[in-house]
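Single-structure report; data block below.
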Amino acid sequence: MDLPDTAGDPTGDPVVTEGCSAGPDPLLFLQALQTLWSTRELRQLREEARRGFAALADPRTVLLDVLESSRGWQQKGPSLEAWLTWELAHWLSAQPLPGLAQGSSGLKQLQARAVRVLTESPPGLVEPLVSIFQLQDADRGPLLTHVHRLHQEGKFKEAALLGLKLRLQPLLDVEKMSSPLLLQDRMALAQRYVAGFPDLQRRLLALLDSWCQPGFDIRVVARQFPQVTPLRLERLSPGVLSRQVLSLLERQGLDPALCPHAVAQQRLAALRHLCREHFVEGSWSRENWTEHVQALVGQDEQLQDELRWWLASPDNQAVAAQCALDLSLPETQLPASVATELRRLKLQGRAAEVRSESRRDGYYQLPIASGDIHFLASWEDLARHEEELLQPGQVLAVDLEWRPSFGTGGRPQASILQLAVKGRVFLLDLPVFSRPVGGQVSQAFSRLVSQMLSDPSITKLGYGMSGDLRSLGASCPALAHVEKQLRGSLDLLQMRVADKPALGRGEARGPRGLSLLVQQVLGKPLDKAQQLSNWDRRPLSEGQLVYTAADAYCLLEVYQALCREPARFCLSEDLARSLRPVNSERPEAWELPGLQEASASPWPNTATPGSSQGWPSELSPPSRPGRGSGARGLSQAVWREPVAEKQDTAPEVPVRAFRAVCDSMLHGLARSLRCLGADVLTLGAGEDHRRAAEVARQEGRIILTSGLPYHKLRAQVGAGRCMSVDCSLKARQQAKAVLKHFNVRVTPADIFSRCQEPHLTSAPLCPQACNCDQYLKVSKEMMKQLVWLGSQREVPSSTGDEASPSADLQEAGSAPEEAPESCTHDLPCRWLEAADLQSHAPAVLGNGTRLQLAGVPEGVLQRPGPRPFYCCTGCGKVFWEGSHLGRITAHFREVLEGASRPCRPPPCPVSGTL
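Structure below.
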């Protein structure tokens, strides 16, 4: 560092500005810092700097003198000037100076000098300079000029961040500033840029909406910014953008009329979904389909053309003619063959849609009379049944219905709350009970529901109950936190049924979800024809009443069948014992062994002594829950897995030898497998699935995919080289299933044997992480020296729009969570030596990899003990012993229990960004 010029001063004292005449000699202060900087005594350097700041009349002036007289801070690498700037910003935030008056000539002079420095400074110094000199209140002219220059140079992120820090957004063209950010997939930064400015938020939405127009070519916009290399243009397709626009609309509470093209795209997608469901899947009743299509299409010419295209299919002439008749479409707008069929229907008279007895017999039948279905639309109606609903010791099924929106904007409000007890079903009209918010009826209804759900003596049954309760809370604000009050619940969604093979076009779709569970337990599936009907309509149709009652009541019968014959469904003899509470994030799902015959009598005729309301005595609902009951108790019960038939197991494979390629929708699975040491690649977004087969054949990898691609890919690789992954499971559960399927062996030493650092690349197929398995061990003393040299290269800053490499770590200077003293982590690698580093760049390995030292907190370096660090030779990421590995070890405990353990305790967590 060059010290301030002293030329012309016979005493040798530095020439400083007025305001720094009092206090210690600034030159001596800077010389002391220079000496400590050269000796790398960071703690003494900080103490000396802060003593000097406190003694100087105005340390800001001294800082400007230093920055103006030296240019070391403009170069790459650490510098005392940059460190001093950040240190002063931190010191002033803790104990601000009295300061100059706002608008005073003294402050303006300092700001003018700081702006000149800012225009030449690297991005890492923007934040401290803005903070120290209050540049958000400085003269806008030079600042705007600098932002425009950055933009012209193609530094779009830096320009946006500087405008954001200086609050210059209203003075800049939001379309010009946002477009390159969107092309670079920086939607989060674009949203931050307009946050707090409603007019700019509307203009950003209008820009995004203009990109949703039919036939819009995003490449036209990209050509306006030649410095930008769009990495993921498929993410800017009209369909994808329209969903993002509508999500922004909902979060910001703006009018959908601001984005007509995005709304039109989603309405078009909704119509295609409805037509596919009706013409291909055959899963809709004519009445419900017609009602939704009429409301959706209206007078929209684009949607009318889309509908006519579906009606023109030669495979659907009879169905198409019936739809045209239901929708009152003019014959002149229909294909000739459909128009002919339509005239024939009109001559015969409108055909009534009446299901045959044989069709009804193929579905689950509600075992109670229609008189036992009670539609409650007033507080007086509900009060008459309050005692029955709150009866202690009973089993209560809970379900919810709402009108489908098909992604056309806005969150649907819940319409019907179903509560089923033995022999009766109560349908609560939620719009009546939830409005007006804060009214007497709404408060009384909320108290009743809270009391019912929080009573541990009432066993609440559900299917996807947590989602239903969140929807209930969104529709009734007084119940926003009702999920946390839940006690004594059982979610039958845990009983995951085996996935069925994907169906081709034109094939009828079999039962899924709850319908499939009902079929496997009770012998017949649910009739879901009314599932997507208009639940806001009043009065409900007879079909809707029966469907919504059956949807809740079947839960009682499924639970009763499981209680009566637990062994038949591979449950323990005592169902209550098989529902032991656990603290895992998600229980292991168990699969039913196959389709079951219907039980002769779902409900017992008589109650046995000691039973509750006809339930078998040994399986009666718990009246006094033990520890763990509640929302994380019975609702997270573990069902014992059925014992599979003995079969030949695959040869054991070490995890480091396991190589796979994942579908683009399985990034979480890929990350979990890499954490355990597997070599995993992932497809890029939008990349053809055939690429996975090509890579698998060339590199001998396993294909991990889901859904329709599985059947196509399985035929392109050898037997056993492709696996269909259940997307309803979380990533860690998927990883466990993969390891079990391929008999992969994982040991504690394998965890984090591959680097997880994000790998930024524009290649379509990439590991999406460093994936390197070569590390170097670094002693604490050498790491201190390396951090000293590289601490200022990537100065910690909150100006970025994306997480820094150490975003999930503690702030610099604080010690991370300690691991137990008895735990050590010792990756099998050699020690880093001086010969491994480049002589002219000590923080760079011989292969050109720069060590990422900015993410190492000072507190880690000050911890007692000789614990080493580890650096990845592929990307330079630095790791150390902390808490993360402990969590991973706990999550995969059952996987590790099958592997031979080392003599010493299992390795402790290695901190980092993994």
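Going left to right, the sequence shown walks through residues 1 to 914 as the UniProt record's numbering numbers them. Note that beta-carbon positions come from the ideal geometry of N, C-alpha and C, so glycine has one too.
{"Item": "Considering only DSSP beta bridges, list what ASP654 is partnered with.", "Value": "Residue identity check: residue 654 is Pro in the sequence provided, not Asp. For PRO654, which the question treats as bridged, DSSP gives the partners ARG745."}
{"Item": "Using C-beta distances below 6 Å, list every residue in its chain close to LEU64, excluding the 5 sequence neighbours before and after it, in chain order.", "Value": "ARG113"}
{"Item": "Closer than 6 Å to a non-hydrogen atom of the ligand HEM - does that hold for the CB of LEU345?", "Value": "The ligand content of the structure shown is nil, which means the ligand HEM is not present either."}
{"Item": "In angstroms with no decimal places, state the Cα-to-Cα distance between LEU490 and ILE458.", "Value": "11 Å"}
{"Item": "Under 7 Å Cβ to Cβ from ALA678, same chain only, skipping five residues before and after it: list those, please.", "Value": "VAL655, PHE658 and ALA660"}
{"Item": "What residue range is occupied by the uninterrupted alpha helix (DSSP H) comprising ARG116?", "Value": "105-118"}
{"Item": "Please state whether DSSP places LYS460 in a helix, a strand or coil.", "Value": "strand"}
{"Item": "Look up GLU401 in the DSSP assignment and say whether it is helix, strand or coil.", "Value": "strand"}
{"Item": "Along the chain, where does the beta strand (DSSP E) that runs through PHE433 open and close?", "Value": "Looking at the DSSP string, PHE433 is not in any beta strand (DSSP E); the run it does join, the alpha helix (DSSP H), is 430-434."}
{"Item": "Within this structure, are the beta carbons of GLN519 and PRO511 separated by less than 7 Å?", "Value": "yes"}
{"Item": "Between the Cα of PHE216 and those of GLN413, ALA561 and LEU241, spot the shortest distance and give me the residue it belongs to.", "Value": "LEU241"}
{"Item": "Looking at the structure shown, is GLN348 part of a helix, part of a strand, or coil, going by DSSP?", "Value": "helix"}
{"Item": "Would you identify the three-state DSSP class for GLU618, choosing helix, strand or coil?", "Value": "No answer about GLU618 holds up, because its pLDDT of 33 lies below 50 and its placement is not dependable."}
{"Item": "I'd like to check one pair, LEU851 with GLY876: are the Cβ atoms closer than 7 Å?", "Value": "yes"}
{"Item": "Where does MET465 sit, in a helix, a strand or coil, going by DSSP?", "Value": "helix"}
{"Item": "When the Cα of GLN531 is compared with those of ARG435, ASP399, SER446 and VAL432, which residue comes out closest?", "Value": "ASP399"}
{"Item": "Beta-carbon separation of PRO26 and VAL62 under 7 Å?", "Value": "yes"}
{"Item": "Secondary structure at LEU334, three-state DSSP: helix, strand or coil?", "Value": "coil"}
{"Item": "Using 8 Å as the threshold, is the stretch 197-205 in touch with the stretch 170-184, meaning 3 or more CB pairs across them?", "Value": "yes"}
{"Item": "Pop quiz: LEU669 and LEU704 are said to be a contact at Cβ under 8 Å. What is the actual Cβ separation, rounded to whole angstroms?", "Value": "6 Å"}
{"Item": "Looking at the structure shown, is VAL558 part of a helix, part of a strand, or coil, going by DSSP?", "Value": "helix"}
{"Item": "Do the stretch 144-163 and the stretch 118-133 touch if we need at least three Cβ pairs shorter than 8 Å?", "Value": "yes"}
{"Item": "Does GLU881 come out as helix, strand or coil in the three-state DSSP assignment?", "Value": "strand"}
{"Item": "Is the beta carbon of VAL293 less than 7 Å from the beta carbon of LEU274?", "Value": "yes"}
{"Item": "Who pairs with CYS871 in a beta bridge, going by DSSP?", "Value": "LEU776 and VAL878"}
{"Item": "Do you know whose CA, among LEU208, ARG186 and ARG167, lies nearest GLY196's CA?", "Value": "ARG167"}
{"Item": "State yes or no: is the C-beta of VAL117 within less than 7 Å of the C-beta of PRO142?", "Value": "no"}
{"Item": "Once the 5 residues before and after VAL778 are set aside, which same chain residues still bring their CB inside 8 Å of it?", "Value": "LEU786, TRP831, LEU832, PRO868, PHE869, TYR870, CYS871 and VAL878"}
{"Item": "Which of helix, strand or coil does DSSP assign to PRO853?", "Value": "First, the amino acid is wrong: residue 853 is Leu here, not Pro. DSSP places LEU853 in coil when its eight states are reduced to three."}
{"Item": "On the three-state DSSP scale, how would you describe ARG564?", "Value": "helix"}
{"Item": "Check HIS374 in the structure and name its three-state DSSP category.", "Value": "strand"}
{"Item": "Does the distance from the CB of residue 929 to the CB of ILE373 come in under 7 Å?", "Value": "Nothing can be reported for residue 929: it is not among the residues displayed for the chain, which extend from 1 to 914."}
{"Item": "Can at least three beta-carbon pairs, one atom from the stretch 371-386 and one from the stretch 433-446, be found at a separation below 8 Å?", "Value": "yes"}
{"Item": "Hey, does ALA692 have any beta-carbon neighbour from chain C nearer than 7 Å?", "Value": "No chain C appears in this structure, which consists of one protein chain only."}
{"Item": "Any chance you could list the beta strand (DSSP E) runs of at least 3 consecutive residues sitting entirely within the stretch 684-723, in chain order?", "Value": "702-705"}
{"Item": "Tell me whether LEU168 sits in a helix, a strand or coil according to DSSP, three-state version.", "Value": "coil"}
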